[in-house]
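*Asks:* FYI, the UniProt record's numbering numbers position 491 of the sequence shown as 491, with every residue one higher than the one before it.
For each residue, glycine too, the CB sits at the ideal point set by N, CA and C.
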Amino acid sequence: MSNIIQLLPDAIANQIAAGEVVQRPASALKELLENAVDAGATHIQVVIKDAGKQLIQVIDNGKGMSATDARMSFERHATSKIRTSQDLFAIRTFGFRGEALASIAAVAQVELKTRQTETELGTLIQIEGSEVKKQEPVAVPVGTSVAMKNLFFNVPARRNFLKSNPVEMRHIVDEFQRVALSYPEVAFSLFQQDLEVFSLPSGKLSQRIVSLFGKSYQGQLVPCNEETLHVNVKGYIGKPENAKKTRGEQFFFVNNRYIKSSYLHHAVSSAFGGLIQNDQFPFYVLFLDIDPAHIDINVHPTKTEIKFDDERTVYAVIRSAVKQALGAHHVMSALDFSLDVNFQENWASNPDTKVQVDREYSYKTFNTPEFKKSSVSGWERLFEGNFTPTPSAAQNSEEDPEFLTFPSRATSDESRFLIPPQESEATGTTFQVELSYIIAQMSTGLLIVDQQSAHERILYDRYLRQLQSSQGASQQCLFPPTVQLNAGDFALVMDMLPELYSLGFIVEEFGKDTVLIQGVPADVQVKNEKELFEGLVEQFKNFKNELSLDKRENLARSLSRRASIKKGQKLNPQEMETLVGQLFASQNPNYSPAGNKTFVKLDLSSIHSFFGK
Ligand code: ADP
Ligand code: MG
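1) With a Cβ-Cβ cutoff of 8 Å, do L25 and L190 count as a contact?
2) Given that a residue counts as buried once 16 or more other Cβ atoms are within 10 Å of its Cβ, and exposed if not, what is S443?
3) Just to confirm, is the Cβ distance from residue 694 to L571 under 8 Å?
4) Could you check whether the Cβ of A100 sits closer than 7 Å to any heavy atom belonging to ligand 2?
5) May I ask you to list the residues that DSSP assigns as paired with V132?
6) Using a threshold of 8 Å, state whether the C-beta atoms of E99 and R71 are closer than that.
7) Is it a yes or a no for the region 307-326 touching the region 199-218, going by three-plus beta-carbon pairs under 8 Å?
8) Taking the beta carbon of H171 as the centre, do at least 16 other beta carbons fall within 10 Å, making it buried, or is it exposed?
9) Can we count M65 as close to ligand 1, meaning its CB is less than 7 Å from some heavy atom?
10) Can you give me the C-alpha to C-alpha distance between F198 and S103, rounded to a whole angstrom?
11) Just to confirm, is the Cβ distance from Y315 to A271 under 8 Å?
12) How many angstroms separate the CA atom of P498 from the CA atom of Q452?
13) Beta-carbon separation of Q15 and A106 under 8 Å?
14) Using 7 Å as the cut-off, classify the Cβ of T144 as near or not near the heavy atoms of ligand 1, replying yes or no.
15) For L288 versus V233, is the C-beta spacing smaller than 8 Å?
16) If we count the other Cβ atoms within 10 Å of its Cβ and call it buried at 16 or more, is A41 buried or exposed?
17) Helix or strand or just coil, what does DSSP make of R115?
18) Is the beta carbon of D289 within less than 7 Å of some heavy atom of ligand 1?
19) Anyone know if the C-beta pair for Q518 and P480 falls short of 8 Å?
20) So does the region 58-72 actually touch the region 2-14, counting three or more Cβ pairs closer than 8 Å?
21) Output the residue ranges of the beta strand (DSSP E) runs that lie fully inside the region 9-51 and measure 3 residues or longer, sorted by chain position.
22) Do the region 560-578 and the region 465-478 make contact, defined as three or more Cβ pairs closer than 8 Å?
23) Report the three-state DSSP secondary structure of S333 (helix, strand or coil).
24) What runs of the alpha helix (DSSP H), each 4 residues or longer, lie entirely inside the region 510-578?
25) Please report the straight-line C-alpha distance between L162 and E168, rounded to a whole angstrom.
26) Measuring straight from C-alpha to C-alpha, what distance separates K260 and V254?
27) Please indicate yes or no: does the CB of E175 lie closer than 7 Å to some heavy atom of ligand 1?
28) Ligand 1 and D10: does any heavy atom of the ligand fall closer than 7 Å to the residue's C-beta?
29) Less than 7 Å separating the Cβ of T123 from some heavy atom of ligand 1?
30) Looking only at its chain, what residues have a beta carbon closer than 7 Å to the beta carbon of L221, apart from the 5 residues adjacent to it on each side?
31) Rounded to whole angstroms, what is the Cα-Cα separation between F283 and G203?
32) Return the CA-CA distance between G62 and L29, expressed in angstroms with no decimal places.
33) Where V58 and Q218 are concerned, what is the direct C-alpha to C-alpha distance, given to the nearest angstrom?
34) Are the CB atoms of L101 and S73 nearer to each other than 8 Å?
35) Whole angstroms is fine: what's the gap from S377's alpha carbon to Q280's?
36) The alpha helix (DSSP H) with V107 in it runs from where to where?
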């Protein structure tokens, strides 16, 4: 029997490989631009004819190639950029697969002209469908010019599949923009037929953005910077009012390489939160700098996809960076500065002026007059009936000074209530018994409060109010967890989404029977968002089986049960007083939602009677 397996001739192998690397003119342009940047060029000129179908030429003033290298550069897997497999994990250059020139030469007519500084004459190579047609010395400037003509001249089927010129040109401009953004220090120009479409002088990123997208962007950019051990983020975001209804101006670069990631896009758009509408896309150009050992860029031949070994941290850092930038921007507009981009840069790099956005949901001082009125001695007056509580006065914790708020996890792990330390001085009038009951002194006797039942009542009232009115304040999850549910629970959760949102949960569908928890109520003490959420669902189902509560009541009850202070939890005097104050601000302070007594009063006459007085 004869053998039938043969190695493909190089020309055919290259043509097949070319299908991956060169899908359309724009992908060839991308490769050529990246090679020019990798060669250290400071000026790169692009000439496009017939939307790249007839000609794409990239001329750079980089380091050029020797005659031998020029010839080698068209071999498949010929690269000067990596030598060992170890290098794959430390890639800082654009190219590394050594496939681009070979692929381009397989499906087009290519003319390469290149010269290094040390040689007087350069090299000219003409190659068509992988076949070298000409190689000779030539007088050229230092640098490299690659002209790719008649793309797919030898693969008519592919040529026929190219889109109309406007579509192909759009792709070309997209690729050009991405490279131009990632190298603002390199000057670029682009000619379409003989018309100069872009002329981008070397400059700073903010200037590059403006010369690419237009003068109107000048006042619209907010600098965004965040440095962590794992990843650094820097760049610009557009002001919320500048967000557009169409995509196209969202750019992520990882170690200067453009990437697409809907997961990271989500981090940005969710940081904009309510500042833009759901159908709007914010402008951003964000550069992530991360140790190449923590990423894998080798997942896709065209290399716009990337794997991070810790995607969630990257997500959290981006989101926090954008939030901070927006916070800073907010302060600035409040001060009504008309800043230019460069001034903003200075401003934001001064750490003193950074706004801690993470705290925005939970931070509140307790020395506002309203709070004083209703807390320390207020509850006593409340209890005695000469103070009318107005629980509906404020709808959420942002405005309601009476809220017992918890810090977001980002602010502090231990402190349970958001009470600035200097204000929690002991008054000596309240204390805890068995870490379960609060004993408080009143002018008319003693009050014994069950801390858990009391807190459940307070939370229940608040959650009901939130459910009826607006959205509850939310604290973002630092590492948004995904929760895998069974089909029934998933349907239940989907059905509860609006209510969950009112409570402060930001929950999103994330694949089959899975949800992503972006945020949890701001006032809930969270160690584990996933546990809280799963517990809530469990509790909700329990109540559903036991009692016939309406959905909102059930939710409010379930969450107040999950989120309340439990027996055994140590409270400081200020926390105790706040709790008691809030209990008596409730319209129904006597019982917990489950019907347990919340407090007992021991009045003076009873105390006297103990002693026969
Ligand atoms: P890769 O960029 O992945 O190494 P390419 O096929 O794009 O593979 O290029 C092959 C080699 O040719 C590069 O490694 C580089 O040494 C050389 N080269 C390509 N373009 C240029 C250029 N514009 N200037 C200098 N050298 C170049
Ligand atoms: Mg390359």
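*Replies:* Result, derived from the coordinates:
1) Here residue 25 is taken as the residue at index 25 of the sequence shown, counted from 1. Here residue 190 is taken as the residue at index 190 of the sequence shown, counted from 1. Note that residue 25 is Pro in the sequence shown, not Leu. No; because the gap between Cβ atoms is not below 8 Å, this pair is not in contact.
2) Position 443 of the sequence shown, counting from 1, holds the residue named residue 443. Looking at its Cβ environment, which holds fewer than 16 other Cβ atoms inside 10 Å, S443 is exposed.
3) One cannot answer for residue 694 here, as it falls past the ends of the chain, which runs 1 to 613.
4) In the sequence shown, the residue the question calls residue 100 occupies position 100. For A100, the Cβ falls inside the 7 Å cut-off from some heavy atom of ligand 2.
5) In the sequence shown, residue 132 corresponds to position 132, counting from 1. Under DSSP, the beta-bridge partners assigned to V132 are I127.
6) Counting from 1 along the sequence shown, the entry for residue 99 is found at position 99. Counting from 1 along the sequence shown, the entry for residue 71 is found at position 71. No, these two residues do not count as a Cβ contact at 8 Å.
7) At 8 Å Cβ cutoff, the stretches do not touch.
8) The residue you call residue 171 lines up with position 171 of the sequence shown. H171 should be labelled buried.
9) Numbered from its first residue, the sequence shown carries residue 65 at position 65. M65 Cβ: within cutoff of ligand 1.
10) Within the sequence shown, residue 198 is the residue found at index 198, counting from 1. Within the sequence shown, residue 103 is the residue found at index 103, counting from 1. Approximately 27 Å between the Cα atoms of the pair.
11) Residue mapping note: residue 315 aligns to position 315 of the sequence shown, counting from 1. Residue mapping note: residue 271 aligns to position 271 of the sequence shown, counting from 1. No Cβ-Cβ contact shorter than 8 Å links Y315 with A271.
12) Position 498 of the sequence shown holds residue 498. Position 452 of the sequence shown holds residue 452. Near 28 Å, if we compare the C-alpha coordinates of Q452 and P498.
13) Counting from 1 along the sequence shown, the entry for residue 15 is found at position 15. Counting from 1 along the sequence shown, the entry for residue 106 is found at position 106. The answer is yes: Cβ separation under 8 Å.
14) One-based indexing of the sequence shown puts residue 144 at position 144. For T144, the shortest C-beta to heavy atom distance toward ligand 1 is below 7 Å.
15) Locating residue 288 in the sequence shown gives position 288, where the first residue counts as 1. Locating residue 233 in the sequence shown gives position 233, where the first residue counts as 1. Cβ distance < 8 Å, so L288 and V233 count as in contact.
16) Taking the first residue of the sequence shown as position 1, residue 41 is located at position 41. With 16 or more Cβ atoms within 10 Å of its Cβ, A41 is classed as buried.
17) Along the sequence shown, read from residue 1 onward, the residue named residue 115 stands at position 115. It is a strand residue.
18) Counting from one through the sequence shown, the residue named residue 289 turns up at place 289. Not so, every heavy atom of ligand 1 lies at least 7 Å from the Cβ.
19) In the sequence shown, residue 518 corresponds to position 518, counting from 1. In the sequence shown, residue 480 corresponds to position 480, counting from 1. For the pair Q518 and P480, the CB atoms are nearer than the 8 Å cut-off.
20) Segment contact: the region 58-72 against the region 2-14, fewer than three CB-CB distances shorter than 8 Å; contact not assigned.
21) Unbroken beta strand (DSSP E) stretches of 3 residues or longer found wholly inside the region 9-51: 43-49, given in chain order.
22) At 8 Å Cβ cutoff, the stretches do not touch.
23) Numbered from its first residue, the sequence shown carries residue 333 at position 333. Confidence at S333 is low in this model, with a pLDDT of 42, below 50, so the placement of that residue should be treated as unreliable; the coordinate-derived value is given next. It is helical.
24) 529-546, 551-563, all fully within the region 510-578.
25) One-based indexing of the sequence shown puts residue 162 at position 162. One-based indexing of the sequence shown puts residue 168 at position 168. A straight line joining the alpha-carbon of L162 with that of E168 spans about 8 Å.
26) Reading the sequence shown from its first residue, position 260 is the one you call residue 260. Reading the sequence shown from its first residue, position 254 is the one you call residue 254. Distance from the CA of K260 to the CA of V254, rounded to the nearest whole angstrom, comes to 10 Å.
27) Stepping through the sequence shown from its first residue, residue 175 is reached at position 175. No.
28) As a first step, residue 10 must be located in the sequence shown, where it is residue number 10. Proximity of the beta carbon of D10 to ligand 1 is not indicated: no heavy atom of the ligand is located closer than 7 Å.
29) As a first step, residue 123 must be located in the sequence shown, where it is residue number 123. With a cutoff of 7 Å, T123 does not count as near ligand 1, since its C-beta is closer than that to no heavy atom of the ligand.
30) Your numbering for residue 221 matches position 221 in the sequence shown. Contacts found: S206, I209, Y236, G238, V341.
31) To locate residue 283, count along the sequence shown from 1; it is residue 283. To locate residue 203, count along the sequence shown from 1; it is residue 203. Cα to Cα, the separation comes out at about 20 Å.
32) By one-based count along the sequence shown, residue 62 stands at place 62. By one-based count along the sequence shown, residue 29 stands at place 29. A direct Cα-to-Cα measurement between G62 and L29 gives close to 17 Å.
33) Locating residue 58 in the sequence shown gives position 58, where the first residue counts as 1. Locating residue 218 in the sequence shown gives position 218, where the first residue counts as 1. About 29 Å.
34) Translated into the one-based positions of the sequence shown, residue 101 becomes position 101. Translated into the one-based positions of the sequence shown, residue 73 becomes position 73. With respect to S73, L101 sits close: the two C-beta atoms are nearer than 8 Å.
35) Position 377 of the sequence shown, counted from the start, is the residue given in the question as residue 377. Position 280 of the sequence shown, counted from the start, is the residue given in the question as residue 280. Residue confidence is low: S377 scores 39 on pLDDT, short of 50, so the model does not pin down where it sits. No coordinate-derived value is stated.
36) For the purposes of this step, residue 107 is taken as the residue at position 107 of the sequence shown. From DSSP, the alpha helix (DSSP H) with V107 extends over 100-107.
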